[in-house]
Amino acid sequence: SNYSVQETDGSFFESFTALSWKQENRRRAVLQEAEARAMEPQPPSRNSTLISQPYRLSKKEMEQLYIEVLYTIANTVGASTGQYAHYKEDLYRYAQEAFGVPQDQHRRYLNIASEEKPPIVVLSVVVIEADGLEAKDVNGFSDPYCMLGIQPGNAGAPLSPQTNLTAHSPHTPPASPRQTTRALSDGGENENSHHEKLRKHHSFRLSFKRKEHSSRREHRESLSSALPAKFIRATSVKPHTLSPRWNEKFRFDIDDVSTDNLHLDIWDHDDESSVFDAVIKLNEVRGVKGLGRFFKQIAQSARSGSQDDFLGCVNIPLQDIPSTGLDQWYKLEARTQRSNIQGRIRLKLWLSTREDRGTSEEDNWGELRQQERLYTVFLNHEMNKQGVHFTGELPQTALTILHQHAVQGDVTELQQALIRWVASSRQPAVDPRTLHRLLQELNNRWHTETLSRDAEQCLADSFNDFLEVSLKKVRQHRVLYPPQHEPTLVKLEYLLRCLGLLSNMKAFRTCCPFNKEIRGEIITALRKGTLEWQQTMCHDQEPDQDADRVLQDFTNLVTALLVDLEQGLECYNSLFESTNGVPYFSAVYKQLEKLMHNELGARVTTACLQLHGQDRDEEYVLPPGAEIGTPIFELYLALQDFVNMKENLPQSDHKTLAICKYYEWFRPAVDKWLDLAKLKAVLRVRRAGELDRVCSGDPASFSYIVKHGTSANDVTVCFYQIKEFWKKLAWPDLLGSNNFVLKVIDAICSSASYYAEITHQKLADSGYYEDHAPYKTTDEMCVAINGLEYVRRWLLDLGDELRVEQILAALENQAGESVRMQWRNALLTPLEQTPAQMMHYINQIISRIGAKMRPPLKKAMFHLAWSPDSLPTTEAIAPLIEYLDVHLVALNRDLLSASFNRVLHEIWEVVLSELSNQMDGNAEDKPKMFYERLHEALDLLVKFFHADDRGLPMEVLRRQSFMNAEERLQYHKMDTTFLIDRYYQQRLLDQLNTVSYEYGVLTVRAYLNHDSLCLEVINARDVIPLDPNGFSDPFVIIELLPRRVFEHCAEQQTNVKKRTLNPMFDECFEFSVSVEQCRDVNAMVLFTVMDHDVLTANDFAGEAFLGLSTIPGVADTNTSIDNFHGLKHQELPLMHQKNRNQPILQILETRIGDKMALDFVKKQKQRF
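Here the sequence shown stands for residues 1 to 1168, where the numbers follow full-length UniProt numbering.
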């Protein structure tokens, strides 16, 4: 295409059709930026820290906590096996590292911890159940109960009784020998005063002071000797069972974990006198030495009463119990070899400590707070140590210290899970995966026990803080967890999983009963976050910024939102949906859609109206330099993409979207663009015509292009761009688009029409129609034909492309009939008329080719017709064929195939007419073979023009003009009588086919009775008036044809009926004929109605023919007809010969010396 043509309007059309790929490039650029941002390391989010005041301990608090940790390590409880196996040195080393304590200070603190009185070790026993016990009662069951107590290992050592402590008060068992040696002090004298201060003021275990004692042994022995009920306990009795379930808990203070054993007996209870009662009694007896004696005593008293039956016992050394505790089945044993014992018992055992404080400590809230602080110290230490690789998991040494601290403080599993969660959720660096696991652990343990009010409050605060931070993160999810960035997306997924889990947790509902539903909170956070994010994208426009700049900013904004939605749909939607049932895309899209509608609507409308000019009347005329920039449509296309994203919403949401009507804002702009397009298209057409150059391809190449002007290409390119631009707008309101489509059609069709005019005019101006030189194929002619055909063909699909029929169908339902017809005409007329106008010009040009070729073709045809008989037709026709060949090859090369076929058709018609002229010429003495030769030549010409299916199709070649020529050739070969017969046969055929009564109608009846042909002329109606008085004087002449068959039958006629158009004749005529004569194929009756004139010749009023082969008596000779009067009348419409060029008459007229022929012609001419 001519670049100069585009330049006439500064590539106006090209710049608009390029918008969609410009928009695609803009989208890609935004996407690449987003991807690049995702790859950058994330800045730590400032507002993700949880509470304004993080856990900061004072120096003094840290010292106290550190000493507590050292005390915990020094007094580890339980066998060092399994998960928490340890060397104390490792634990000390880790604690020192975590608290960042220098070596000398560490020794000093260790010394203080060592001087602390060791804690009291407590054994907790839960007697859960037993099964497989022996049946002692007659009913096949037993009534089992247990008795349990602590047995010292060194049975030889005397055991002093304790003071008379009741079963309810705390007690003070002896210290173990190894626990007394834990003073490791090596601090100098000058430091002692500091130790003292620490000792007096630090609040171990929430400010209960430890009592300082010298040796426990002394203390015990100085006490009086009442036996503590605490030392021996009994479960309740479970009647009638061999599988009792007790689930009863007991606590024992332990003297020496390394040697003491837990001893348990199971008995079958007897109501009258039992071991059970003996226990209660014996608890009041004083002075019993040693626990062994105690059990023995009970056993003896039981045996002497021989009431309660012994069911078995177990002994468990306390030193085998690990820090994690035991929960297992034990096989029941016998006291002696003689007895036979069966069954087993399930016990849960664990060790803990409590401090020797002489006061009750029902609630361990202090321990919990301390454990939480310790966990936080370890977390912070690991975070500082591991940096970015920190996930929130602690090393085994840290876990072991925490475990010991929990064991010694009797912190339950649930409480530990609570502390792990509270401390970890407060620490921003902890990986959401870890948090999710901790939350699951908390959830799994929740039903096992209940928490104190303090612990529940602490958990509630933690949940609320975590929610607040998480929702903040959800608001900032685009920045914190950029799409396409796998590692951060995994974090987001686990954060959302935590929220999903939290919303379903009993713990959350219990601790935070008045909180809003988390799912709703997430949606709100998404909406707020979307709003905040969109505000960061918007740049405030300066007041004096030009409209295009403003529109471009809007386009960039919409594109950014579009990319955000696409990424959200791809990366975030399924995460939010699967974890919390939050419809992410829907929430964000609706929020953005509202913003866009409010932000853009009014401003775009204003911008469009400014473009259109203030005055929006019908008379609106474009100023000469009027322009419209692309930005308004860039924004339109971006919004179009944005609105198309709604397909990802549920169908029910579509109706509520305001932005779907976005296109209405742009109406004035589209209107103006189409006005401009029409103006510029016409200018382009003109310029294309001025710059037109002839182009053609290389005939040898495979993809040869016919001769054409550059203008045809430039023009269709321009039209294509107008059409494409309209299609790109994809105007959503089909019904409302009719005005625009009308403008598109008008712009294209009026320009196309203008193109057709200037193209044809240019050819005319070159003298194409005036030139009388012999025909030759010129570039100007081919270029004009091809250009018109090319543009015409382009226009044919325009209606479909613009969906005209769909628009009209939509109008069907809306508008009234007259409005519909107006629109149908308005839209379809130009689409039909413009191509028709082009076709008209093409045919005009082509008909001139035929006219110019006629003289040489006439000459060649004359040569062919008048060659001597000795010359074969193939040679006689050679000059004609050669002439055609030369020009048709050139035309075929230079024209589009459709145009070439039209030219071929035109020349064929010329050849046929010249052949007819030679055939019908009046010349005498035609050679004997004259008509034979022309007939052969006609066959050869058909083959030539058909060219084995490469030329004109047979059905086109054998149309009327060919049929006529062929028919006349046949007639020329026939003699006169035969032709006259043929003429009358055609008239009989005409009679059968005539239905109109324009010349009136004749009623007759005909039959053959033996050898007499009876013809009754009954009447005539509506005869044409041929006299000045408005009437006629009709009579009828009856003659039998052909004359040579009925030579002996003269014609007869009726009486004349005066002054009437409806004469009643009622006359019968008889002719003597045979059946055989009547059966001749040509046998017929001719009725001629004449108007009788006295002074001048009679006038012809009409004629009618009746074939004789079908009348009664001829068609059915076998049946004898007795009563012919019963036969039906026949009505024959009267006819005139309308064809003045009737070929038979024309041919007979050329037979100059043939009197019969000339008389016949003369007679027939009177009947025209």
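Just so it is clear, CB atoms sit at the ideal spot from N, CA and C, and this is done for glycine as well.
Taking its Cβ as the centre, do 16 or more other Cβ atoms sit within 10 Å of Asn786, making it buried, or is it exposed?
Buried.
If you scan the segment 498-545 from start to end, which runs of the alpha helix (DSSP H) of 4 or more residues do you find wholly inside it?
Whole alpha helix (DSSP H) segments, 4+ residues: 506-511, 518-537.
Residues in its own chain within less than 6 Å of Asp327 by CB, not counting five upstream and five downstream?
Taken in chain order, the residues that qualify are Lys348.
For Leu763 and Val685, I'd like the C-alpha separation in whole angstroms.
Leu763 and Val685: Cα-Cα distance of roughly 16 Å.
Mapping DSSP to helix, strand and coil, what is Ala688?
The answer is helix: DSSP assigns Ala688 an H, G or I state.
With DSSP collapsed to three states, give me the class of Gln328.
DSSP places Gln328 in strand when its eight states are reduced to three.
Just mark Arg216 as buried or exposed, buried being the case when its beta carbon has 16 or more other beta carbons within 10 Å.
Residue confidence for Arg216 is low, a pLDDT of 39 falling below 50, so the modelled location carries little weight; the figure read from the coordinates is stated next. Arg216 should be labelled buried.
Under 8 Å, with one C-beta from each stretch per pair, do the segment 568-578 and the segment 591-601 reach the 3-pair mark?
Counting Cβ pairs under 8 Å, fewer than three are found: no touch.
Would you report the Cα separation of His1092 and Asn1009, rounded to the nearest angstrom?
Answer to the nearest angstrom: the Cα atoms are 32 Å apart.
Considering only the alpha carbon of each residue, which of Cys1049, Asn556, Val1094, Leu492 lies closest to Thr579?
Taking only the C-alpha atoms, the option nearest Thr579 is Leu492.
Buried or exposed: which applies to Gln1110, given that a residue is buried once 16 or more other Cβ atoms fall within 10 Å of its Cβ?
Note that residue 1110 is Thr in the sequence shown here, rather than Gln. Exposed: under 16 other Cβ atoms inside 10 Å.
Would you check if there are 3 or more beta carbon pairs closer than 8 Å linking the segment 1059-1070 to the segment 1095-1111?
With a cut-off of 8 Å, the segment 1095-1111 and the segment 1059-1070 do not count as touching, because too few Cβ pairs lie within range.
Mind the definition here: the segment 460-473 touches the segment 484-504 only if three or more C-beta pairs lie below 8 Å; say whether that holds.
A contact exists between the segment 460-473 and the segment 484-504.
Would you kindly report the start and end of the unbroken alpha helix (DSSP H) that includes Cys1014?
Segment 1012-1021 is the beta strand (DSSP E) holding Cys1014; no alpha helix (DSSP H) there.
What do you reckon, are the CB atoms on His436 and Cys498 nearer than 8 Å?
Yes.
Going by C-alpha to C-alpha distance, which of Ala865, Glu909, Thr829, Asp894 sits closest to Ser847?
That would be Glu909, whose Cα lies nearest to the Cα of Ser847.
Expressed to the nearest angstrom, what Euclidean distance is found between the alpha-carbon atoms of Gln476 and Thr76?
Looking at the two C-alpha atoms, the distance is approximately 46 Å.
In angstroms with no decimal places, state the Cα-to-Cα distance between Thr1150 and His972.
So the two alpha carbons sit approximately 10 Å from each other.
With a floor of 3 residues, list each beta strand (DSSP E) that falls wholly inside the segment 330-357, ordered by position along the chain.
Correct list: 344-354.
Count the C-beta pairs between the segment 886-896 and the segment 932-943 that are closer than 8 Å, then say yes if the count reaches three, no if not.
No: fewer than three Cβ pairs fall under 8 Å.
So, Leu1108 versus Glu1070, is the Cβ gap smaller than 8 Å?
It is not a contact, given that the beta carbons lie outside the stated cut-off.
Cα separation between Tyr841 and Glu805?
If you take the alpha carbons of Tyr841 and Glu805, they lie about 28 Å apart.
For the beta strand (DSSP E) holding Glu1067, just list the boundary residues, first then last.
Per DSSP, Glu1067 belongs to the beta strand (DSSP E) from 1064-1072.
Report back the beta-carbon spacing between Asn738 and Trp823 to the nearest angstrom; my notes put them in contact at under 8 Å.
Asn738 to Trp823, Cβ: 6 Å. Contact.
What do you reckon, are the CB atoms on Ala658 and His597 nearer than 8 Å?
Against a cut-off of 8 Å, the Cβ pair of His597 and Ala658 comes out as a contact.
What whole-angstrom Cβ distance do Arg1044 and Thr977 have, given they're in contact under 8 Å?
The pair is a contact, with the Cβ atoms about 7 Å apart (cut-off 8 Å).
Within this structure, are the beta carbons of Arg27 and Leu562 separated by less than 8 Å?
Yes, the Cβ-Cβ distance between Arg27 and Leu562 is below 8 Å.
Check this for me: beta carbons of Ile341 and Ala334, under 8 Å apart or not?
Contact: yes.
Would you identify the three-state DSSP class for Ser1032, choosing helix, strand or coil?
Strand.
Please state whether DSSP places Met1156 in a helix, a strand or coil.
If DSSP states are grouped into helix, strand and coil, Met1156 belongs with the helices.
Among His269, Glu441, Met147, which one has its Cα closest to the Cα of Thr235?
For the residues His269, Glu441, Met147, the minimum Cα distance to Thr235 belongs to Met147.
Whose CA, out of Ile881, Met1135, Glu906, Ala34, lies closest to the CA of Ala560?
For Ala560, the nearest C-alpha among the options comes from Ala34.
Examine the Cβ distances between the segment 424-436 and the segment 109-116 and report whether three or more of them are shorter than 8 Å.
The segment 424-436 is not in contact with the segment 109-116.
Can you tell which of Pro1025, Ser913, Lys743 has the C-alpha that lies nearest to the C-alpha of Ala677?
Comparing Cα-Cα distances from Ala677 to each of Pro1025, Ser913, Lys743, the minimum goes to Lys743.
Closer than 8 Å, CB to CB, is Glu664 near chain D or not?
Note that chain D does not occur in the displayed structure, where there is just one protein chain.
Excluding five sequence neighbours on each side, which residues of the same chain lie with their C-beta closer than 6 Å to the C-beta of Gln96?
Closer than 6 Å at the Cβ level, and outside the excluded window around Gln96, lie His106.
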